[in-house]
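Visitor: For the sequence shown, the working numbering puts the final residue at 485, and the numbers step up evenly by one.
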Amino acid sequence: MSLASALNTTKSIFSNTSTQTSVVSTNISSATTSDYNRRTAVTTTNPYSGATTVKVERTEDAALLKQVLQSISDDAGQQSLLAGLETLNSVMGGNEYSATPSQSLSALREALQTYAASPSDSTLAAAAVAAANDVATSLNQQTAAVQELRADTDGEIGTTVDKLNQLLTDFEKVNNAVKTATATGGDANNALDTRESLLKQISQIIGISTTVRDNNDIAIYTTTGVTLFETVPRKVSFDATTAYDANTVGNAVYIDGVALPAGQGSSTSSMGSLQSLVQLRDEVYPGYQNQLDEIARSTMLLFSELDSGGGAVAGLFTTVDSSVVDFETADIIPGLAGLITVSPVAQSDPSSLRDGDIAGVDQNTEGAAGFSDLLYKYVAGFETQMTFDADANISTKATLLDYATDSVGWVEEYRSDATTAAENTSAMLNRSEEAYSNNTGVNLDEELILLLDIEQSYKAASKLLSTIDEMLGSLMEAAS
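1) Looking at residue 137: is its Cβ nearer than 8 Å to the Cβ of residue 379?
2) Looking only at its own chain, which residues have a Cβ that is under 6 Å from the Cβ of residue 345, when we skip the five neighbours before and after it?
3) Curious, which full-length beta strand (DSSP E) runs of at least 3 residues does the segment 343-420 contain?
4) Buried or exposed for residue 218, please, with buried defined as at least 16 other CB atoms from any protein chain shown within 10 angstroms of its CB.
5) Does the segment 109-129 come into contact with the segment 366-376, if we say contact requires no fewer than three beta-carbon pairs (one atom in each stretch) closer than 8 Å?
6) Spatial neighbours of residue 304 within its chain, please: CB distance less than 6 Å, with the 5 preceding and 5 following residues excluded, ordered by chain position.
7) Hey, out of 40, 86, 80, 79, whose CA is closest to residue 65's CA?
8) Look up residue 159 in the DSSP assignment and say whether it is helix, strand or coil.
9) Cβ atoms of residue 278 and residue 210: under 8 Å apart, would you say?
10) Given residue 359, which residues of its chain have a CB within under 8 Å of its CB, disregarding the five upstream and five downstream residues?
11) Along the beta strand (DSSP E) that carries residue 43, what are the first and last residues, could you check?
12) Expressed to the nearest angstrom, what Euclidean distance is found between the alpha-carbon atoms of residue 76 and residue 434?
13) Restricting to Cα atoms, I'd like to know which of 139, 242, 200 is closest to residue 166.
14) Let me know the secondary structure DSSP gives residue 167 once reduced to three states.
15) Just checking my contact of residue 267 with residue 152 at CB under 8 Å: how many whole Å lie between their CB atoms?
16) What did DSSP end up calling residue 144 once you bin it into helix, strand or coil?
17) Which residues mark the beginning and the end of the alpha helix (DSSP H) in which residue 265 is found?
18) With DSSP collapsed to three states, give me the class of residue 222.
19) Assuming residue 282 and residue 161 make a contact with CB atoms under 8 Å, what is their CB distance in whole Å?
20) If we ignore side chains and look at the alpha-carbon of each, how far apart do residue 352 and residue 134 end up?
21) Bridge partners of residue 63, per DSSP?
22) Answer with buried or exposed for residue 347, where buried requires no fewer than 16 other C-beta atoms within 10 angstroms of its C-beta.
23) Output the boundary residues of the beta strand (DSSP E) element that contains residue 282.
24) Whole angstroms is fine: what's the gap from residue 83's alpha carbon to residue 275's?
25) Taking DSSP as the reference, what is the three-state secondary structure of residue 176?
26) Check each candidate in 89, 430, 74 and name the one with the smallest Cα separation from residue 159.
27) For residue 288 and residue 340, what's the separation of their Cα atoms in angstroms?
28) Assuming contact is defined by CB atoms lying nearer than 8 Å, are residue 336 and residue 411 in contact in what I supplied?
29) Check for me: the alpha helix (DSSP H) holding residue 228 runs from which residue to which?
30) Counting pairs of Cβ atoms below 8 Å between the segment 214-230 and the segment 87-107, do you hit three or more?
31) So, helix, strand or coil for residue 123, using DSSP?
32) Based on DSSP bridge pairs, tell me the residues matched to residue 527.
33) Cβ of residue 44 within 8 Å of Cβ of residue 220?
34) Does the separation of the CB atoms of residue 105 and residue 146 fall below 8 Å?
35) Quick one: using the 10 Å Cβ neighbour count with 16 as the cut-off for buried, is residue 436 buried or exposed?
36) In the DSSP assignment, what residue or residues form a beta bridge with residue 324?
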């Protein structure tokens, strides 16, 4: 080897170790940075200068990244659904279900039993009417709370759509930077890290798939096949609804003009949080509302009285606006749970409950203070099976108390199954992220070992340079 060749080799080693040291140092300092992928200095050899660093390569694993994005979407959708169900559970009074109609209906039955045993006692009559007021209040408050949840969820949908649009705008900028760097041979690694981070954030909102095109360009599609990003972001639109009642239908979310479907089931089909929010607003909360309305309708039927023609009329329970409703037919009356109230007549004269003349014909024809037939009929009615609308998604034949209990059970079964599913999606996400990190992340032990190897190369180059210096010195002395 000539001195010139040796000198070129030494210079190449110093250049390589400098680049490698810089890369390893960056890896070590970024080891705890999220969404940072390990960098590797790629070298090649040529007959003139030996090994030469040609590029700094970013570690990638497309298959594992795809799995991570899917796991993020699955878990985000399931966790969002579970959070909504936990909120509904709180509205119901927590695990004691103290705010549910089933509790107040049980109290009303007990008050009626006590009153029926002493029908002449005005204090017991007032207590029974007060218990009826608690039933109406529970139904009113549950309805108001459910519709508030729907309005809050609608607002969250709007906020999430805005966030998604912003992420797509940011993605366009970074994607353009990647394309430019790739086309010109520049360093796109930092932009690739940022782009991957944005993909993960987008997948939390909606399930996505990606396609890589020329110059490392990426197109994004939803899991339902709708284009979300292709060169430029596609429009994601949503018109918020500020106030909700049982008759309100929320607006759909549109992606590139296509409506986003709601998730289905307790182990939700939602990919990302957005579909779960739509599921909560349009299916879960309205499902519970339908059950409340059926409880209100059946309660009115149980306490209905007879008019002069023998037909049923609203008795102890009526509507706050005095509207006449068909409580005898097993059809959901939207919003009835928010309208039900105790008749003003019963509140001013509690004994009218005993006599059956709140709005109908007096059943206590003899005016007996000990008349209890009607009160016992009401008590027995709590144990009599009634027919309910199948669209409420629980029992179609049950006693009123059983139906009210089934309503609580429906929510709790939904929540329990969603909890189990959320644990599974969370575990899958953790495993996917761990596998991806093991393949593309920074291992400090490996980096430190590599740093020691680089140090040995540097020492060898230093030794070679010292030898070259000595030889040049000897050569100069010999020539002088």
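Cβ atoms here follow ideal geometry from the backbone N, Cα and C, with glycine treated the same way.
In this text, all values refer to a predicted model and were calculated from it rather than measured experimentally.
Guide: Once the coordinates are examined:
1) no
2) 141, 144, 301, 322
3) 345-347
4) exposed
5) yes
6) Once the five neighbours on either side are set aside, the close Cβ partners of residue 304 are 322.
7) For the residues 40, 86, 80, 79, the minimum Cα distance to residue 65 belongs to 40.
8) helix
9) yes
10) 120, 124, 130, 369, 376, 377, 379, 380
11) That residue, residue 43, is in no beta strand (DSSP E); it is neither H nor E in DSSP.
12) 5 Å
13) 242
14) Residue 167: helix per DSSP, three-state reduction.
15) With a Cβ gap of about 18 Å, residue 267 and residue 152 do not count as contacting.
16) Per DSSP, reduced to three states, the secondary structure at residue 144 is helical.
17) No alpha helix (DSSP H) holds residue 265; DSSP gives it neither H nor E.
18) strand
19) Between residue 161 and residue 282 the Cβ distance is about 6 Å, and since that is below 8 Å, they are a contact.
20) Their Cα atoms are separated by approximately 7 Å.
21) Listed as beta-bridge partners of residue 63 by DSSP are 44.
22) buried
23) From DSSP, residue 282 is part of no beta strand (DSSP E) but of the alpha helix (DSSP H) over 278-284.
24) 7 Å
25) helix
26) 89
27) 15 Å
28) no
29) That residue, residue 228, is in no alpha helix (DSSP H); it is neither H nor E in DSSP.
30) no
31) When DSSP states are grouped into helix, strand and coil, residue 123 belongs to the coil group.
32) The first residue shown for the chain is 6 and the last is 485, placing residue 527 beyond what the model contains.
33) Not closer than 8 Å, so no.
34) no
35) exposed
36) 345
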